[in-house]
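Residue numbers (the working numbering): 1 to 158.
Just so you know, even glycine gets a beta-carbon here, dropped at the ideal spot from N, CA and C.
Presented below is the structure to which this report refers.
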């Protein structure tokens with residue numbers, strides 16, 4: 001969510017837990033805030049006759065909402081928690097990238113419920129992980145869908 005309104009440079013060069021969502025000095029220009037294709041298409045419809053001022057007001061209200069959401073998330077979760085960064089490694093885009101983990105073993109201590117009980121089951125899961133890129137390509141899975149949908153489809157097809 002931060003990438004919707006904070007400069008990419010600040011996001012890349014600042015630890016996540018150190019980013020202040022309310023610090024406007026790192027905001028991108030209001031006109032460049034990305035609210036999705038649906039919003040862009042709607043405000044450009046001729047029948048809406050949305051003036052530049054109305055679009056600016058809309059973007060400002062959306063920005064305020066997104067900032068509040070980011071502040072709320074920050075209050076509820078420890079952003080430097082190793083569990084959060086570990087879970088992110090299971091995102092479809094991450095787990096099928098060239099920079100992905102080569103083994104799941106590093107996640108087992110952080111995500112104990114994720115760790116199979118026996119060494120044989122751990123090895124089976126790790127083997128599946130290492131073969132995931134090939135399997136996902138063969139199954140034609142879409143990595144752009146939410147993680148829960150991706151993994152559910154993978155489970156059904158595999």
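What span of residues does the alpha helix (DSSP H) with residue i cover, start to end?
i, result
"residue 76", "52-76"
"residue 23", "No alpha helix (DSSP H) contains residue 23, which DSSP labels as neither H nor E."
"residue 38", "37-43"
"residue 158", "Element bounds for residue 158: n/a, residue is neither H nor E."
"residue 178", "Absent from the model: residue 178. The displayed extent of the chain is 1 to 158, so no value can be given."
"residue 1", "Counting along the chain, residue 1 falls outside any alpha helix (DSSP H), and DSSP gives it neither H nor E."
"residue 135", "132-139"
Could you tell me which of the options sits nearest to residue i, measuring between CA atoms?
i, options, result
"residue 100", "90, 109 and 108", "90"
"residue 31", "131, 59 and 95", "59"
"residue 83", "119, 62, 108 and 61", "108"
"residue 23", "47, 67 and 37", "67"
"residue 154", "117, 121, 96 and 47", "96"
Are the beta-carbon atoms of residue i and residue j separated by less than 8 Å?
i, j, result
"residue 11", "residue 4", "no"
"residue 6", "residue 33", "no"
"residue 158", "residue 124", "no"
"residue 62", "residue 37", "no"
"residue 193", "residue 78", "Look at the range of the chain in this structure, 1 to 158, and you will see that residue 193 is not part of it."
"residue 43", "residue 55", "yes"
"residue 8", "residue 70", "no"
Using a Cβ distance threshold of 8 Å, determine whether the segment 13-26 contacts the segment 71-83, with at least three qualifying pairs required. yes
Examine the Cβ distances between the segment 78-92 and the segment 134-152 and report whether three or more of them are shorter than 8 Å. yes
Would you call the segment 126-133 in contact with the segment 97-115, where contact means no fewer than 3 C-beta pairs closer than 8 Å? yes
Counting only runs that start and end within the segment 68-126, where is the alpha helix (DSSP H) found for 4 or more residues in a row? 82-88 and 92-95
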